[in-house]
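Trainee: When the sequence shown is numbered by the working numbering, its final residue is 984 and no position is left out of the sequence of numbers.
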Amino acid sequence: MSTESTTASSLESAIQEIAAAISTYDGPSGVYQLKGLASLVMKQALKDPVFRADLFRLVDVFPTLEGPEQITAHVREYLDPRAPKWMATSQSLASKLGIGRSVLTSLTRNNIIEMANQFILGTELDEIARKVGQMAQQGYLTTVDLLGEKIITYPESDRYINRITEIHDRLTTSAPFLAVNKKLTGPMVSVSVKPSALTPHYGPLQRDRAIEEVIERITPLLKSAQDAGTLIFLDMEHYDTYELTLEVFNRLAFDKNFADLQLGLVMQAYLRRHVTELKTLLGLLSDQESDSPRLWIRLVKGAYWDTEFAQASAESHSPPVFTDKAESDISYEESVRLLLDNHRRVHPAFASHNLRSLSFAIAYARAHGLTPTDYEIQMLYGMAEPMASALLAQGQSVRIYTPVGELLPGMSYLVRRLLENTSNSSFVRARFGSKQSIAKLVAPPKATHGTKPPVGYPTGYAHEPTTEFHHQHEMRLQQSAIKHINDTLGAANKIRLSIGRGLPEAGAWSNSCNPTDPTQTLATVEEASEEQIEAAVSMALAAQPRWAGASLPERAAVLRKAATYLRSRRSEINAVEVIEAGKPWLEADNDIGEAIDFLEYYAIWAERLTTERLDSPAGETNQLRWRSRGLTLVIPPWNFPLAIPMGMTAAALVMGNSVILKPAEQTPITASYIARAFEHAGLPAGALCFVPGRGETVGAKLVRHPLISTIAFTGSRAVGLDIIEAASRVVPGQTSLKRVIAEMGGKNAIVVDADADLDQAVPGVIYSAFGFAGQKCSACSRVIVHGQIFDAFVDRLTQATKTLIIGDPRNPATQMGPVIDDAALAKITGMIQDGTPSSELLYQGTPPDLNGYFVPPTIFVNPDRQSPLYRDEIFGPVLTVERASDLDDAIWRANDTIYALTQGVFSRSAQAIARVADAARAGNFYINRGITGAIPGRHPFGGFGNSGVGFKAGGPSYLIQFADQQVVSENLLRQGFSPDISE
Numbered sequence: 002m003s004t005e006s007t008t009a010s011s012l013e014s015a016i017q018e019i020a021a022a023i024s025t026y027d028g029p030s031g032v033y034q035l036k037g038l039a040s041l042v043m044k045q046a047l048k049d050p051v052f053r054a055d056l057f058r059l060v061d062v063f064p065t066l067e068g069p070e071q072i073t074a075h076v077r078e079y080l081d082p083r084a085p086k087w088m089a090t091s092q093s094l095a096s097k098l099g100i101g102r103s104v105l106t107s108l109t110r111n112n113i114i115e116m117a118n119q120f121i122l123g124t125e126l127d128e129i130a131r132k133v134g135q136m137a138q139q140g141y142l143t144t145v146d147l148l149g150e151k152i153i154t155y156p157e158s159d160r161y162i163n164r165i166t167e168i169h170d171r172l173t174t175s176a177p178f179l180a181v182n183k184k185l186t187g188p189m190v191s192v193s194v195k196p197s198a199l200t201p202h203y204g205p206l207q208r209d210r211a212i213e214e215v216i217e218r219i220t221p222l223l224k225s226a227q228d229a230g231t232l233i234f235l236d237m238e239h240y241d242t243y244e245l246t247l248e249v250f251n252r253l254a255f256d257k258n259f260a261d262l263q264l265g266l267v268m269q270a271y272l273r274r275h276v277t278e279l280k281t282l283l284g285l286l287s288d289q290e291s292d293s294p295r296l297w298i299r300l301v302k303g304a305y306w307d308t309e310f311a312q313a314s315a316e317s318h319s320p321p322v323f324t325d326k327a328e329s330d331i332s333y334e335e336s337v338r339l340l341l342d343n344h345r346r347v348h349p350a351f352a353s354h355n356l357r358s359l360s361f362a363i364a365y366a367r368a369h370g371l372t373p374t375d376y377e378i379q380m381l382y383g384m385a386e387p388m389a390s391a392l393l394a395q396g397q398s399v400r401i402y403t404p405v406g407e408l409l410p411g412m413s414y415l416v417r418r419l420l421e422n423t424s425n426s427s428f429v430r431a432r433f434g435s436k437q438s439i440a441k442l443v444a445p446p447k448a449t450h451g452t453k454p455p456v457g458y459p460t461g462y463a464h465e466p467t468t469e470f471h472h473q474h475e476m477r478l479q480q481s482a483i484k485h486i487n488d489t490l491g492a493a494n495k496i497r498l499s500i501g502r503g504l505p506e507a508g509a510w511s512n513s514c515n516p517t518d519p520t521q522t523l524a525t526v527e528e529a530s531e532e533q534i535e536a537a538v539s540m541a542l543a544a545q546p547r548w549a550g551a552s553l554p555e556r557a558a559v560l561r562k563a564a565t566y567l568r569s570r571r572s573e574i575n576a577v578e579v580i581e582a583g584k585p586w587l588e589a590d591n592d593i594g595e596a597i598d599f600l601e602y603y604a605i606w607a608e609r610l611t612t613e614r615l616d617s618p619a620g621e622t623n624q625l626r627w628r629s630r631g632l633t634l635v636i637p638p639w640n641f642p643l644a645i646p647m648g649m650t651a652a653a654l655v656m657g658n659s660v661i662l663k664p665a666e667q668t669p670i671t672a673s674y675i676a677r678a679f680e681h682a683g684l685p686a687g688a689l690c691f692v693p694g695r696g697e698t699v700g701a702k703l704v705r706h707p708l709i710s711t712i713a714f715t716g717s718r719a720v721g722l723d724i725i726e727a728a729s730r731v732v733p734g735q736t737s738l739k740r741v742i743a744e745m746g747g748k749n750a751i752v753v754d755a756d757a758d759l760d761q762a763v764p765g766v767i768y769s770a771f772g773f774a775g776q777k778c779s780a781c782s783r784v785i786v787h788g789q790i791f792d793a794f795v796d797r798l799t800q801a802t803k804t805l806i807i808g809d810p811r812n813p814a815t816q817m818g819p820v821i822d823d824a825a826l827a828k829i830t831g832m833i834q835d836g837t838p839s840s841e842l843l844y845q846g847t848p849p850d851l852n853g854y855f856v857p858p859t860i861f862v863n864p865d866r867q868s869p870l871y872r873d874e875i876f877g878p879v880l881t882v883e884r885a886s887d888l889d890d891a892i893w894r895a896n897d898t899i900y901a902l903t904q905g906v907f908s909r910s911a912q913a914i915a916r917v918a919d920a921a922r923a924g925n926f927y928i929n930r931g932i933t934g935a936i937p938g939r940h941p942f943g944g945f946g947n948s949g950v951g952f953k954a955g956g957p958s959y960l961i962q963f964a965d966q967q968v969v970s971e972n973l974l975r976q977g978f979s980p981d982i983s984e
C-alpha cells in the first residue's frame, strides 16, 4: 500500500473516531425540542412535506397579519387541507366562535415565537449582551448577525448600520465580562455584516457606487473594531453579488488604514467556482504569513441553493452551484485542506452541522500538527446543540453564529432555518430527527457526476440567457462595445432603404438622435419615396412564390441562422440600443434576448404546423393545410426596437410571407440589424424589404396599399384604431381582405393585498412603473393598496423611488434613462402638470443635469379617477397610488379601465390571489412579481378590450394569424376501388 493510501486510510479512521466521540453527546436539537402544541405541529410537518411547506409559509406571513379574523383565515387556508383531525377540528371551532378565534390567534403566535426563539437570540441590547455573556460562560464564542428586511432605501440602510454598530459597541463594553471564561481563544466580540444592507445599490451594474458606499458606511465600525480588537465578518450572499463582495473584502483587507483589523470573509463551498477563487485569494495573501493571522475565512456550504438554482434555471444559465450535494461536500473538504495548509495566512473557521465535514476538519488539523487555536468551528444558534457541546468538551474552539433582531425582519431567516432542520437532505434531521447511523452520516461523499439536468431545469426550447453582467469580463466587453459604437455613430452613418436590389437615393433624409444628448446625431435615415415604396412592394411580391415554396423546416432554419447572427453581435446591438433608444444596460440586453427567443420559438412551432388529417370516412381523405397569406406589413414601436419587430417579422416570414418592415423612426439603426440578420441567414432577396420613414407618410401609404394582405402593428391605441379602420376599406386592385394584428397598450394596475411581502411588492412596483422610464405598454401606471398597509407601502415606495439612479444609460449604474424624444417629453410633462391640481403629487424626482429628454419618476396619490392622468395611457414614469377599503374594492378599481393588457397582485393568500386573478380584466396576469418582462414561450403576451386584437405574441397560436387555412378533400373511389380499404 502506498504512503498516500496509508495516509488517506489513517485520515478516514481518525474521522470515524472523532465522529464517534462527538456523537456520544445526545439530546434534542432545534425544532426537535419544541414543547406542547408546537411539538405536535412540527411532528405533522415532518411526516407531510406539503403540510410542512404550508406551515412555513404561514410562519413567513404571520407577522403581517392583524386581528383574530385575519389570522384565523390564514391558519385555515394554509393548514386546513392536510391538517390532522385534532387540528382541523380546533380550527373549525375557532372560525365559528369569537373566543375561539382569539385562542387560536394566541396559540399560533405563541408557537411561532417559540420556533423563532430556537434560532433568534434576542432583540434588545441588554438582552443580547446578557445572553452572549451566558454563552461565553459556557465556553462559546459568538458572532452576532443582525436580521433585517431587504434593504431598498437609504433610511433602511442607515438603521441597519446604526443598529449593528450599537450592538458591536455594547458587546465591546461587555468584553471583560465575556472574557471571564479563560478557556476562550480568539476575539471575544465578533459581528457579521451583510454588505447588501449597507446600500440599496448593492448590485453588479452599480459596482463602483456600491463599493464606495459600502466602504464609506462600514468604515466607522471597522475603525472601532480595530481599536477594540474585535472581529468583523463580511457575509457572502447571493451569487450575483459574489464578485462585488470579493472586491469589497480585498480593498478592506489590503487597506493600510486597517492594517491591524481582524476581518473575515464568508466563502460558499457549494459554488462551482469556489475552490478556484479560494486559491486565488490565498495567493493574494502570500505575504501575510504570521503566527496570528488577522484575516479570517468562514467556510460554509451555502444558504441560498434554491434561489441560485431557480434564478439560473429561469435564465437558462448553467447553475453556479453544484446540483449534487456530494459535490458540495467534496468541495468543502478540499477547501478545508487548503485553509489548514495555509493557516499562517488566514485563520480558518469551519461552519457546518454536518458530522462528516466537522470530523474531517478536526482530523486533518490533528494530522498536520495543528491545535484548536489555529482554527475555529462555527455553528448556528439553535441547531445541533449536542454536537456543539461535544466539540467544546473535546477542547475545540466553537463560535456560535447568533442572529438577533425583531421577529418580522427575522422571518425569512427563520423559515430558512426551519427548512434546513427539516428537509429530507438535512443532516440535522438525519442526526436528530430520524437518528441515522453514525457510519452512514460520516461516509465519504461520492459524486454521481450525472449528466441528466435536475428537476426544474429547462429542456428543449430554452429562453435565451441574459448577459451575466455580474462577471467583470462581461462588464468590460459591454463597456468597450458602447465606447466603440458611440465613437462610430454619426451623420456619416446612413440607414438606407433595403429591398434586395439597389435603388437611387430618395433625396429626403432625417436624423436619428441620442435622446440622452439630442445634439448627437447617430445616423441619417432615408425617407422612402412613393417610387421606392412601389419598388419595395413589387420586389416583395416577386420574392413571395420562391419563399412560400420552401418547406417549413427550411424556413425555420433561416430563423435559427438569424438568431445565431444576433448572438454574435450581442454586445454591439446592446450598445446601439443603449445609445439610440436610451435603454439602461439590462433593458437593452433583455430586448436582444427576446428577439432571439422569438426566432427560436417560432422556428420550433413552425415545424410543428404540419398538414393535419381531418375526419375522413372510407373512400375519402380530408386534410387541413396552411397557406401563406401574401405580403405582410410590419409596423413596430421604438420601445422594443429589436424584439417586437423581430417577433412580427419572423412570424410572418416563417409562414412563407414576404415582409415589408417599416421601422420606428426613432430607432432605425437598431431595427436595421433585423435586415442584416436575415440577409446573413440566407433569406432570398426581396423576401424582407426594409423601408424606413415616418409613420404618417410612409406607414400610412403602406397601410392603404391594395397589395398588402396582413398588417402587424404594435403602438398606440390611436394609431392602431386608424390602421384597423383603414384596413377595413377595400380599394380597387385589392384581392384579399386585410388582416390586422394589433397590440395597442394598456393602463395597468397592481393590487397590493394586506398580507403582501413589501420586500417583494415595493421593488416589483418600482421596476414595473419606472423600468425604461415607464415606456412599456405593460408598465404599471396604477397601484391599488389595501388600506391596512397603505401608509407603510407608500412610505417605503417613496423612499425606494428616491434611490433610483437617473442619468445617461451609457453608464452601467443608470437605472432610468431619458424618454424617447421631445414629443414624449412634452406629452408626459403636460399630463403631470394637468393632473397636479386634481390629484395629490406625492413625489417627483430631480432630473439629471443633462441635455436629454428626462422626466423624473413621479408618484401621485388619491388621483382624480376621471382625469386623463388616471384614465389615459401616459407611456412615461408616472404612477398613481390609491387606497382600497378591501380586496373587492381593489379588484373593482383595477378593472376600471378600457384597457385589458397586464395586471398583477402581491399577496400571500392563495384564496385572495385566486379572487383577483379570476376577476382580472387583463391578457397577462402576474402574481408576486413585476408585470413587465414577458418571455416568449413562458408568458405569451397580448391583451384584449382596447389593448389589441389577435393572438398572443410568443404563444403557440401566434403563427397561424400569418396564414390562411385550406382544406383539401379527395375522393379515392375509382371504378368501385378505393386504395384505403382494399387489400
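All C-beta atoms in this analysis are idealised placements derived from N, C-alpha and C, irrespective of residue type, glycine included.
Rounded to whole angstroms, how far is the Cβ of Thr711 from the Cβ of Pro637, which I believe are closer than 8 Å?
Mentor: Not quite, the Cβ-Cβ distance comes to about 14 Å (not below 8 Å), so this is no contact.
Trainee: Does DSSP classify Ala74 as helix, strand or coil?
Mentor: Helix, per DSSP.
Trainee: Which same chain residues, not among the five before or five after Gly788, have their C-beta less than 7 Å away from its C-beta?
Mentor: Excluding positions up to five away in sequence, the list reads Arg884, Ala885, Ser886.
Trainee: List the residues that DSSP assigns as beta-bridge partners of Asp518.
Mentor: Answer is Asn515, bridged to Asp518.
Trainee: For Leu80, count the other beta carbons within 10 Å of its own beta carbon; 16 or more makes it buried, fewer makes it exposed. Which is it?
Mentor: Result: buried.
Trainee: Just checking, does the stretch 192-211 make contact with the stretch 252-261 on the three C-beta pairs under 8 Å criterion?
Mentor: No: fewer than three Cβ pairs fall under 8 Å.
Trainee: Nearest to Val62 by CA position, among Arg110, Val51, Gly123, Ile19, is which residue?
Mentor: Measuring from the Cα of Val62, the nearest candidate turns out to be Arg110.
Trainee: Along the chain, which unbroken stretches of the alpha helix (DSSP H) at least 4 residues long are found entirely within the stretch 680-705?
Mentor: With a minimum length of 4 residues, the continuous alpha helix (DSSP H) runs that stay inside the stretch 680-705 are 701-704.
Trainee: Compare the beta carbon distance of Leu662 and Ala676 with 9 Å and say whether it is the shorter of the two.
Mentor: Yes, Cβ-Cβ distance for Leu662 and Ala676 is below 9 Å.
Trainee: Any idea if Trp639 is buried or exposed, counting beta-carbon neighbours within 10 angstroms, 16 or more meaning buried?
Mentor: By the neighbour-count rule (16 or more Cβ atoms within 10 Å), Trp639 is buried.
Trainee: Quick check on the DSSP output: what are the complete beta strand (DSSP E) runs of length 3 or more inside the stretch 209-294, in order along the chain?
Mentor: Fully enclosed beta strand (DSSP E) runs of 3 or longer: 232-235, 263-269.
Trainee: Note down, in chain order, each residue of its chain lying with its Cβ closer than 8 Å to the Cβ of Gln761, except the 5 sequence neighbours on either side.
Mentor: If we look at Gln761 and ignore the five residues flanking it on each side, its Cβ neighbours are Phe907, Asn929, Arg930.
Trainee: Within 8 Å: the Cβ of Ala557 and any heavy atom of the ligand MG?
Mentor: By its list of ligands, the structure shown contains no ligand whatsoever, and the ligand MG lies outside what it can speak to.
Trainee: Exposed or buried, which one is Glu595 when buried takes at least 16 other CB atoms within 10 Å?
Mentor: Buried.
Trainee: Quick check: the Cα distance between Met540 and Cys690, rounded to an integer number of angstroms?
Mentor: Near 8 Å, if we compare the C-alpha coordinates of Cys690 and Met540.
Trainee: Pick helix, strand or coil for Arg357, following the three-state DSSP scheme.
Mentor: Correct three-state label for Arg357: helix.
Trainee: Counting pairs of Cβ atoms below 8 Å between the stretch 367-375 and the stretch 331-346, do you hit three or more?
Mentor: Judged by Cβ distances under 8 Å, the stretch 367-375 makes contact with the stretch 331-346, as three or more pairs qualify.
Trainee: Using the Cα positions of Arg497 and Glu527, report the straight-line distance between them to the nearest angstrom.
Mentor: Distance between the alpha carbons of Arg497 and Glu527 is about 5 Å.
Trainee: For Ile574 and Lys441, what's the separation of their Cα atoms in angstroms?
Mentor: Those two C-alpha atoms are separated by around 55 Å.
Trainee: Who are the near neighbours of Thr633 in its chain, counting only those whose CB is closer than 6 Å to its CB and skipping five residues on each side?
Mentor: Counting only Cβ-Cβ distances below 6 Å, and skipping sequence neighbours, we find Ala653, Asn658, Val660, Thr711.
Trainee: Entirely within the stretch 884-941 and at least 3 residues each: give me those beta strand (DSSP E) ranges in chain order.
Mentor: Qualifying beta strand (DSSP E) stretches, in chain order: 903-907, 925-928.
Trainee: For His318, which residues from the same chain have a beta carbon less than 6 Å from its beta carbon, with the 5 sequence-adjacent residues on both sides left out?
Mentor: Pro466, listed in sequence order.
Trainee: Have a look at the DSSP bridge pairing and note the partners of Asn591.
Mentor: Asn591 pairs with nothing; no bridge assigned.
Trainee: Below 9 Å between beta carbons: does that hold for Gly501 and Pro685?
Mentor: It is a contact, given that the beta carbons lie within the stated cut-off.
Trainee: Nearest to Trp297 by CA position, among Asn591, Ala576, Thr308, His348, is which residue?
Mentor: It is His348 whose Cα lies nearest to the Cα of Trp297.
Trainee: Can you tell me where the beta strand (DSSP E) holding Ser970 begins and where it ends?
Mentor: Element bounds for Ser970: 964-972.
Trainee: Buried or exposed, going by whether 16 or more other CB atoms sit within 10 Å of the CB of Phe323?
Mentor: Its Cβ being crowded by 16 or more others within 10 Å, Phe323 is buried.
Trainee: Answer with buried or exposed for Asp127, where buried requires no fewer than 16 other C-beta atoms within 10 angstroms of its C-beta.
Mentor: By the neighbour-count rule (16 or more Cβ atoms within 10 Å), Asp127 is not buried but exposed.
Trainee: The alpha helix (DSSP H) that contains Phe714, what's its start and end?
Mentor: It is not in any alpha helix (DSSP H) - Phe714 instead sits in the beta strand (DSSP E) that spans 711-715.
Trainee: Compute the Euclidean distance between the alpha carbons of Leu275 and Ser287, then round it to the nearest angstrom.
Mentor: Residue identity differs from the one stated: residue 275 is His in this sequence, not Leu. Approximately 19 Å, taken between the alpha carbons.
Trainee: Name the two residues that bound the continuous alpha helix (DSSP H) containing Ser572.
Mentor: Element bounds for Ser572: 571-581.
Trainee: Cutting at 7 Å between CB atoms, please list the residues of its own chain near Gln395, excluding the five before and the five after it.
Mentor: Within the same chain, Gln395 has close Cβ partners Ala22.
Trainee: If I measure Cβ to Cβ from Gly140 and keep anything under 8 Å in the same chain, skipping five residues before and after, which residues do I get?
Mentor: So the list reads Asn182, Lys184, Leu185, Leu393, Val399, once near-sequence residues are dropped.
Trainee: Label Pro693 either buried or exposed according to how many other C-beta atoms from any shown protein chain fall within 10 Å of its C-beta, with 16 as the threshold for buried.
Mentor: Buried, because 16 or more other Cβ atoms sit within 10 Å of the Cβ of Pro693.
Trainee: Does Gly68 come out as helix, strand or coil in the three-state DSSP assignment?
Mentor: It is helical.
Trainee: Within this structure, are the beta carbons of Asp241 and Pro205 separated by less than 9 Å?
Mentor: Yes; because the gap between Cβ atoms is below 9 Å, this pair is in contact.
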